[in-house]
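Have a look at the structure below before the remarks.
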Amino acid sequence: MSVVYHELLPESYLIILAPTQQGQLETALAHQLKCAQRSGKAAVWVDCGMLQSLSAEAARLLWRLHHCLREQRAELVLVHVPEPVKKVLLAQEAGPALSIVPTLLDAARQAHWHQWRYHQHLA
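Just so we're aligned: 61 in numbering that gives the first Met the number 0 is position 62 of the sequence shown, and the numbers increase by one with no gaps anywhere.
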């Protein structure tokens, strides 16, 4: 798997993953996840729609980002996650649940809800 696309959006950082040879994804994914974490965005969206599988190491990288973003009051949102990929992610489960949504539109809606709740908490 490899990162085929990434973009800094107004409120989020989008990463789209695609299949590749074993071992290459983890290196590219680790780099992009570090960039996403440093972006300062309220959400990182990872589109898994082109994947048929996910290595345990890639799942651990996503869980690590999930925890780091929570500490920064941001969130990781996984989008278009096929069942085999979801099974690998859930097998690695460590702590608060990952946010998995069916579409990018749902990710955007969730981001707006998250921001609204955060601002209500501050008020």
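In this text, a Cβ means the ideal position worked out from N, Cα and C, and glycines have one as well.
Three-state secondary structure assigned by DSSP to residue i
i: alanine 93; result: coil
i: alanine 73; result: coil
i: glutamine 20; result: coil
i: valine 84; result: helix
i: alanine 107; result: helix
i: glutamate 10; result: coil
i: tryptophan 62; result: helix
Pairwise C-alpha distance: residue j and residue i
i: leucine 7; j: glutamate 56; result: 25 Å
i: valine 84; j: glutamine 51; result: 7 Å
i: tryptophan 115; j: arginine 108; result: Below a pLDDT of 50, predicted positions are generally treated as unreliable, and tryptophan 115, at 40, falls in that range; no measurement from the model is reported.
i: leucine 64; j: alanine 42; result: 11 Å
i: glutamine 31; j: threonine 102; result: 21 Å
i: alanine 96; j: cysteine 47; result: 17 Å
i: glutamine 91; j: alanine 58; result: 7 Å
i: leucine 61; j: arginine 72; result: 16 Å
i: leucine 28; j: valine 76; result: 15 Å
i: glutamine 36; j: leucine 89; result: 22 Å
i: leucine 13; j: glutamate 74; result: 12 Å
i: histidine 5; j: isoleucine 15; result: 6 Å
i: proline 18; j: lysine 33; result: 20 Å
i: isoleucine 99; j: leucine 24; result: 20 Å
i: valine 87; j: threonine 26; result: 18 Å
Buried or exposed by the 16-neighbour rule on C-beta atoms within 10 Å, applied to residue i
i: glutamate 10; result: exposed
i: lysine 40; result: buried
i: glutamate 70; result: exposed
For residue i, the nearest candidate out of the options (CA to CA)
i: histidine 79; options: Leu89, Trp62, Val87, Asp105; result: Asp105
i: glutamate 82; options: Glu70, Cys67, Leu53, Arg69; result: Leu53
i: leucine 68; options: Gln23, Leu24, Lys86, Trp44; result: Trp44
i: glycine 94; options: Lys86, Val100, His66; result: His66
Any alpha helix (DSSP H) of 4 or more consecutive residues that is wholly inside the segment 20-45: Entirely contained in the segment 20-45, the alpha helix (DSSP H) runs reaching 4 residues are, in chain order, 23-37.
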